[in-house]
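Numbering (the numbering used here), first residue to last: 91 to 394.
Every residue, glycine too, gets a C-beta built ideally from N, C-alpha and C.
In this text the structure is predicted, and so the values were computed from the model without any measurement.
Comments concern the structure below.
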(Lines of atoms letter the chains of each structure in order from A and count residues from 1; the text may use other names and numbers.)
(Lines give C-alpha, C1' and ligand atoms only; values in the text may rest on other atoms or scores of the structure.)
Protein backbone atom coordinates (compact mmCIF):
# COMPACT_ATOMS: atom_id res chain seq x y z
CA UNK A 1 0.00 0.00 0.00
CA UNK A 2 1.03 3.59 -0.50
CA UNK A 3 0.21 6.32 2.00
CA UNK A 4 0.06 10.09 1.72
CA UNK A 5 1.70 11.87 4.63
CA UNK A 6 -0.32 14.17 6.83
CA UNK A 7 -0.25 17.70 5.44
CA UNK A 8 2.65 19.67 6.90
CA UNK A 9 4.37 16.57 8.26
CA UNK A 10 8.01 17.20 9.19
CA UNK A 11 10.35 14.42 8.10
CA UNK A 12 13.25 13.45 10.34
CA UNK A 13 16.50 15.42 10.06
CA UNK A 14 18.81 14.21 7.29
CA UNK A 15 22.56 14.17 7.90
CA UNK A 16 22.62 14.78 11.66
CA UNK A 17 25.78 16.20 13.18
CA UNK A 18 28.07 14.10 15.32
CA UNK A 19 27.50 14.86 19.00
CA UNK A 20 30.19 16.66 20.94
CA UNK A 21 29.08 14.71 24.02
CA UNK A 22 30.39 11.16 23.90
CA UNK A 23 27.87 8.82 25.47
CA UNK A 24 29.25 6.13 27.81
CA UNK A 25 30.00 2.67 26.45
CA UNK A 26 26.87 0.56 26.21
CA UNK A 27 24.47 3.53 26.08
CA UNK A 28 20.82 2.82 25.28
CA UNK A 29 18.48 5.04 23.26
CA UNK A 30 15.49 4.11 25.41
CA UNK A 31 12.71 5.81 23.41
CA UNK A 32 12.50 5.67 19.62
CA UNK A 33 10.11 4.43 16.95
CA UNK A 34 9.85 2.91 13.49
CA UNK A 35 7.23 3.91 10.92
CA UNK A 36 6.41 1.22 8.38
CA UNK A 37 7.73 1.32 5.73
CA UNK A 38 4.08 1.59 4.80
CA UNK A 39 4.33 -0.73 1.77
CA UNK A 40 5.56 -3.54 4.05
CA UNK A 41 3.85 -2.65 7.34
CA UNK A 42 0.68 -0.64 6.63
CA UNK A 43 -0.39 2.08 9.01
CA UNK A 44 -3.51 1.47 11.11
CA UNK A 45 -6.89 2.49 9.63
CA UNK A 46 -7.82 4.23 12.91
CA UNK A 47 -4.61 6.32 13.06
CA UNK A 48 -4.78 10.05 13.82
CA UNK A 49 -1.82 10.88 11.54
CA UNK A 50 0.10 9.41 8.61
CA UNK A 51 3.88 9.75 8.99
CA UNK A 52 6.86 9.45 6.71
CA UNK A 53 8.53 6.04 6.44
CA UNK A 54 11.29 5.44 9.00
CA UNK A 55 12.77 1.96 8.84
CA UNK A 56 14.69 -0.04 11.39
CA UNK A 57 17.75 0.09 9.12
CA UNK A 58 17.64 3.88 9.27
CA UNK A 59 17.11 3.81 13.04
CA UNK A 60 20.09 1.56 13.64
CA UNK A 61 22.29 3.63 11.32
CA UNK A 62 21.42 6.65 13.47
CA UNK A 63 22.19 4.65 16.64
CA UNK A 64 25.68 3.90 15.36
CA UNK A 65 26.24 7.47 14.19
CA UNK A 66 25.30 8.91 17.59
CA UNK A 67 27.46 6.41 19.49
CA UNK A 68 24.72 4.37 21.16
CA UNK A 69 24.80 0.59 21.48
CA UNK A 70 21.15 -0.42 21.92
CA UNK A 71 17.59 0.79 21.38
CA UNK A 72 14.19 0.49 22.99
CA UNK A 73 11.65 0.68 20.17
CA UNK A 74 8.27 1.97 21.31
CA UNK A 75 5.15 1.14 19.32
CA UNK A 76 4.03 4.21 17.37
CA UNK A 77 0.37 5.22 17.59
CA UNK A 78 0.11 5.33 13.79
CA UNK A 79 0.42 1.51 13.84
CA UNK A 80 -2.26 1.05 16.53
CA UNK A 81 -2.06 -2.42 18.09
CA UNK A 82 -0.46 -3.93 14.98
CA UNK A 83 3.05 -4.43 16.36
CA UNK A 84 4.59 -6.07 13.29
CA UNK A 85 6.88 -3.19 12.31
CA UNK A 86 8.19 -2.86 15.87
CA UNK A 87 8.66 -6.64 16.23
CA UNK A 88 10.49 -6.75 12.90
CA UNK A 89 12.85 -4.08 14.22
CA UNK A 90 13.59 -6.19 17.30
CA UNK A 91 14.11 -9.40 15.35
CA UNK A 92 16.56 -7.63 13.03
CA UNK A 93 18.54 -5.90 15.80
CA UNK A 94 20.97 -8.68 16.60
CA UNK A 95 19.77 -8.65 20.20
CA UNK A 96 20.47 -4.93 20.53
CA UNK A 97 16.85 -3.80 20.81
CA UNK A 98 13.94 -4.33 23.15
CA UNK A 99 10.38 -3.21 22.55
CA UNK A 100 7.28 -1.65 24.08
CA UNK A 101 4.03 -2.82 22.47
CA UNK A 102 0.44 -1.65 22.25
CA UNK A 103 -2.04 -4.46 22.88
CA UNK A 104 -5.78 -4.91 23.22
CA UNK A 105 -7.75 -7.04 25.64
CA UNK A 106 -8.19 -9.64 22.88
CA UNK A 107 -4.45 -10.44 22.72
CA UNK A 108 -3.82 -14.11 23.46
CA UNK A 109 -1.29 -15.53 25.90
CA UNK A 110 0.50 -17.15 22.98
CA UNK A 111 0.77 -13.77 21.23
CA UNK A 112 2.17 -12.18 24.37
CA UNK A 113 4.71 -14.97 24.72
CA UNK A 114 5.75 -14.59 21.08
CA UNK A 115 6.27 -10.86 21.66
CA UNK A 116 8.31 -11.61 24.76
CA UNK A 117 10.48 -14.02 22.80
CA UNK A 118 11.06 -11.29 20.20
CA UNK A 119 12.18 -8.84 22.89
CA UNK A 120 9.09 -6.93 24.02
CA UNK A 121 9.30 -5.94 27.68
CA UNK A 122 6.45 -3.48 28.17
CA UNK A 123 3.11 -2.13 26.98
CA UNK A 124 2.22 1.50 26.40
CA UNK A 125 -0.98 3.17 27.60
CA UNK A 126 -1.59 6.48 25.83
CA UNK A 127 -3.81 9.10 27.47
CA UNK A 128 -3.10 11.96 25.05
CA UNK A 129 -6.53 12.43 23.54
CA UNK A 130 -5.37 14.07 20.32
CA UNK A 131 -3.33 10.95 19.48
CA UNK A 132 -5.57 8.01 20.42
CA UNK A 133 -9.13 7.09 21.20
CA UNK A 134 -9.96 6.40 24.84
CA UNK A 135 -9.45 2.84 26.09
CA UNK A 136 -11.58 1.83 29.11
CA UNK A 137 -9.50 1.68 32.28
CA UNK A 138 -10.83 -1.75 33.22
CA UNK A 139 -9.36 -3.08 29.97
CA UNK A 140 -6.00 -1.46 30.75
CA UNK A 141 -5.97 -2.93 34.26
CA UNK A 142 -6.69 -6.37 32.83
CA UNK A 143 -3.80 -6.00 30.38
CA UNK A 144 -1.47 -4.81 33.15
CA UNK A 145 -2.29 -7.84 35.29
CA UNK A 146 -1.56 -10.17 32.40
CA UNK A 147 1.75 -8.64 31.36
CA UNK A 148 2.90 -8.57 34.99
CA UNK A 149 3.24 -12.35 34.75
CA UNK A 150 5.88 -11.87 32.04
CA UNK A 151 7.82 -9.34 34.11
CA UNK A 152 6.87 -6.51 31.74
CA UNK A 153 6.21 -2.90 32.73
CA UNK A 154 3.67 -0.28 31.71
CA UNK A 155 4.64 2.92 29.88
CA UNK A 156 2.20 5.80 30.34
CA UNK A 157 1.92 8.88 28.12
CA UNK A 158 -0.14 11.79 29.43
CA UNK A 159 -0.06 15.55 29.81
CA UNK A 160 0.64 17.29 33.13
CA UNK A 161 -2.79 18.84 33.43
CA UNK A 162 -4.36 15.36 33.45
CA UNK A 163 -2.25 13.84 36.25
CA UNK A 164 -4.73 14.64 39.08
CA UNK A 165 -7.53 12.88 37.22
CA UNK A 166 -5.34 9.84 36.42
CA UNK A 167 -3.50 9.61 39.77
CA UNK A 168 -5.61 6.85 41.31
CA UNK A 169 -5.45 4.72 38.20
CA UNK A 170 -1.69 5.11 37.78
CA UNK A 171 -0.90 4.38 41.41
CA UNK A 172 -2.98 1.17 41.32
CA UNK A 173 -1.01 -0.36 38.43
CA UNK A 174 0.69 -3.59 39.56
CA UNK A 175 3.92 -3.21 37.58
CA UNK A 176 6.84 -0.86 37.18
CA UNK A 177 5.41 2.28 35.56
CA UNK A 178 7.51 4.38 33.16
CA UNK A 179 6.30 7.91 32.38
CA UNK A 180 7.00 9.30 28.93
CA UNK A 181 8.70 12.71 28.83
CA UNK A 182 8.15 13.69 32.49
CA UNK A 183 4.39 13.78 31.92
CA UNK A 184 4.78 16.70 29.50
CA UNK A 185 5.20 19.57 31.99
CA UNK A 186 4.36 23.15 31.08
CA UNK A 187 7.88 24.60 31.23
CA UNK A 188 6.55 28.17 31.33
CA UNK A 189 5.46 27.42 34.90
CA UNK A 190 7.92 27.29 37.84
CA UNK A 191 9.97 24.12 38.26
CA UNK A 192 9.01 24.23 41.96
CA UNK A 193 5.40 25.21 41.23
CA UNK A 194 2.38 23.06 42.18
CA UNK A 195 1.96 21.34 38.80
CA UNK A 196 5.49 19.94 38.52
CA UNK A 197 5.66 19.42 42.28
CA UNK A 198 2.75 17.00 41.90
CA UNK A 199 4.75 14.97 39.38
CA UNK A 200 7.77 14.92 41.72
CA UNK A 201 5.48 13.75 44.51
CA UNK A 202 4.09 11.05 42.19
CA UNK A 203 7.60 9.65 41.79
CA UNK A 204 8.66 10.20 45.39
CA UNK A 205 5.68 8.40 46.90
CA UNK A 206 5.72 5.50 44.43
CA UNK A 207 9.04 3.73 44.05
CA UNK A 208 7.78 1.74 41.06
CA UNK A 209 7.47 4.92 38.95
CA UNK A 210 10.26 5.81 36.52
CA UNK A 211 10.47 8.74 34.10
CA UNK A 212 11.94 9.40 30.70
CA UNK A 213 13.62 12.81 30.61
CA UNK A 214 13.36 12.88 26.84
CA UNK A 215 11.75 15.06 24.18
CA UNK A 216 12.83 18.58 25.17
CA UNK A 217 11.97 19.55 21.58
CA UNK A 218 8.31 18.80 22.40
CA UNK A 219 8.28 20.66 25.70
CA UNK A 220 10.36 23.75 24.96
CA UNK A 221 8.68 27.11 24.46
CA UNK A 222 11.63 29.48 24.23
CA UNK A 223 14.29 27.06 22.93
CA UNK A 224 16.68 27.59 21.31
CA UNK A 225 16.13 24.57 19.03
CA UNK A 226 18.76 21.91 18.40
CA UNK A 227 19.68 23.29 14.99
CA UNK A 228 22.53 25.19 13.34
CA UNK A 229 25.22 23.98 15.73
CA UNK A 230 23.32 24.90 18.92
CA UNK A 231 24.73 22.66 21.67
CA UNK A 232 22.86 24.34 24.54
CA UNK A 233 19.38 23.80 23.17
CA UNK A 234 16.01 23.85 24.97
CA UNK A 235 17.33 25.67 28.02
CA UNK A 236 13.84 26.19 29.42
CA UNK A 237 13.44 22.40 29.78
CA UNK A 238 16.81 21.81 31.49
CA UNK A 239 15.73 22.68 35.08
CA UNK A 240 12.81 20.24 34.92
CA UNK A 241 14.80 17.33 33.51
CA UNK A 242 17.79 17.99 35.76
CA UNK A 243 15.58 17.98 38.84
CA UNK A 244 14.18 14.55 37.96
CA UNK A 245 17.62 13.12 37.12
CA UNK A 246 19.17 14.39 40.35
CA UNK A 247 16.23 13.47 42.59
CA UNK A 248 15.61 10.00 41.14
CA UNK A 249 18.94 8.98 39.53
CA UNK A 250 18.10 5.26 39.54
CA UNK A 251 14.69 5.64 37.86
CA UNK A 252 15.34 7.78 34.79
CA UNK A 253 15.75 6.97 31.10
CA UNK A 254 16.58 8.99 27.99
CA UNK A 255 15.80 8.53 24.32
CA UNK A 256 15.98 10.42 21.04
CA UNK A 257 12.28 9.94 20.15
CA UNK A 258 13.46 9.47 16.54
CA UNK A 259 11.84 10.00 14.07
CA UNK A 260 10.06 12.61 16.19
CA UNK A 261 6.39 12.10 15.27
CA UNK A 262 3.98 15.00 15.06
CA UNK A 263 6.41 17.86 15.62
CA UNK A 264 4.89 21.07 14.29
CA UNK A 265 7.55 23.74 14.77
CA UNK A 266 10.92 22.26 13.76
CA UNK A 267 12.77 18.98 13.35
CA UNK A 268 15.84 18.72 15.62
CA UNK A 269 19.31 17.64 14.56
CA UNK A 270 19.67 14.39 16.52
CA UNK A 271 23.38 14.95 17.06
CA UNK A 272 22.68 18.27 18.76
CA UNK A 273 19.85 16.62 20.70
CA UNK A 274 22.38 14.23 22.26
CA UNK A 275 24.32 17.29 23.44
CA UNK A 276 21.31 18.12 25.64
CA UNK A 277 22.21 15.16 27.89
CA UNK A 278 25.16 16.64 29.86
CA UNK A 279 23.04 19.67 30.73
CA UNK A 280 20.56 17.45 32.60
CA UNK A 281 22.90 14.67 33.81
CA UNK A 282 25.89 16.71 34.83
CA UNK A 283 28.31 14.06 36.12
CA UNK A 284 29.72 10.86 34.59
CA UNK A 285 27.95 8.86 37.31
CA UNK A 286 24.55 10.37 36.51
CA UNK A 287 25.17 9.96 32.79
CA UNK A 288 26.03 6.28 33.21
CA UNK A 289 22.90 5.63 35.29
CA UNK A 290 20.67 7.47 32.82
CA UNK A 291 22.06 5.91 29.66
CA UNK A 292 23.42 2.50 30.68
CA UNK A 293 22.64 1.16 34.15
CA UNK A 294 18.94 2.02 34.34
CA UNK A 295 17.85 0.89 30.85
CA UNK A 296 19.93 -2.27 31.14
CA UNK A 297 18.30 -3.11 34.48
CA UNK A 298 14.84 -2.58 33.04
CA UNK A 299 15.23 -4.09 29.56
CA UNK A 300 18.17 -6.53 29.77
CA UNK A 301 18.10 -7.66 33.42
CA UNK A 302 19.52 -11.04 32.46
CA UNK A 303 22.81 -9.34 31.56
CA UNK A 304 23.28 -7.61 34.90
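Burial state of residue i, where buried means 16 or more other Cβ atoms lie within 10 Å
| i | result |
| --- | --- |
| residue 119 | buried |
| residue 214 | buried |
| residue 123 | buried |
| residue 361 | buried |
| residue 295 | exposed |
| residue 270 | buried |
| residue 375 | exposed |
| residue 91 | exposed |
| residue 379 | buried |
| residue 143 | buried |
| residue 302 | buried |
| residue 153 | buried |
Beta-carbon separation (whole angstroms), residue i vs residue j, contact threshold 8 angstroms
| i | j | result |
| --- | --- | --- |
| residue 253 | residue 292 | 7 angstroms |
| residue 188 | residue 390 | 7 angstroms |
| residue 289 | residue 273 | 5 angstroms |
| residue 248 | residue 218 | 7 angstroms |
| residue 243 | residue 343 | Their Cβ separation, rounded to whole angstroms, is 11 angstroms, which puts residue 243 and residue 343 out of contact at 8 angstroms. |
| residue 146 | residue 186 | In fact, because the Cβ distance is near 11 angstroms, the residues do not count as touching under 8 angstroms. |
| residue 246 | residue 202 | That belief does not hold up - the Cβ atoms of residue 246 and residue 202 are roughly 19 angstroms apart, past 8 angstroms. |
| residue 197 | residue 180 | Their Cβ separation, rounded to whole angstroms, is 17 angstroms, which puts residue 197 and residue 180 out of contact at 8 angstroms. |
Strand pairing of residue i, partner residues [DSSP]
| i | result |
| --- | --- |
| residue 216 | 247 |
| residue 354 | Answer is none; residue 354 lacks a bridge partner. |
| residue 268 | 245, 300 |
| residue 187 | 161 |
| residue 210 | 189 |
Close Cβ partners of residue i (< 6 angstroms) along its chain, the five nearest in sequence each way excluded
| i | result |
| --- | --- |
| residue 177 | 208 |
| residue 116 | 159, 382 |
| residue 317 | 359 |
| residue 397 | Because the chain here runs from 91 to 394, residue 397 falls outside it and cannot be looked at. |
| residue 300 | 268, 341 |
| residue 108 | 361 |
| residue 226 | none |
Residues of its chain near residue i, where Cβ-Cβ distance is below 7 angstroms and the 5 sequence neighbours each way are ignored
| i | result |
| --- | --- |
| residue 133 | 93, 126, 140, 168, 169 |
| residue 347 | 121, 122, 304, 305 |
| residue 328 | 369, 370 |
Own chain partners of residue i with C-beta closer than 8 angstroms, once the 5 adjacent residues on each side are dropped
| i | result |
| --- | --- |
| residue 235 | 264 |
Chain D within 9 angstroms of residue i, Cβ atoms only
| i | result |
| --- | --- |
| residue 353 | Absence of chain D from the displayed structure is noted, only one protein chain being present. |
Distance cut-off 8 angstroms: residue i Cβ against heavy atoms of the ligand ADP
| i | result |
| --- | --- |
| residue 335 | As presented, the structure is devoid of all ligands, the ligand ADP included, so that no description of it is given. |
Inset, instruction - Within the stretch 116-166, note down every full alpha helix (DSSP H) run reaching 4 residues or more, in order along the chain. - result: Listed in chain order, the complete alpha helix (DSSP H) runs (minimum 4 residues) inside the stretch 116-166 are 146-156.
Inset, instruction - Let me know the alpha helix (DSSP H) ranges lying completely inside the stretch 300-330, each 4 residues or longer, listed in chain order. - result: 306-309
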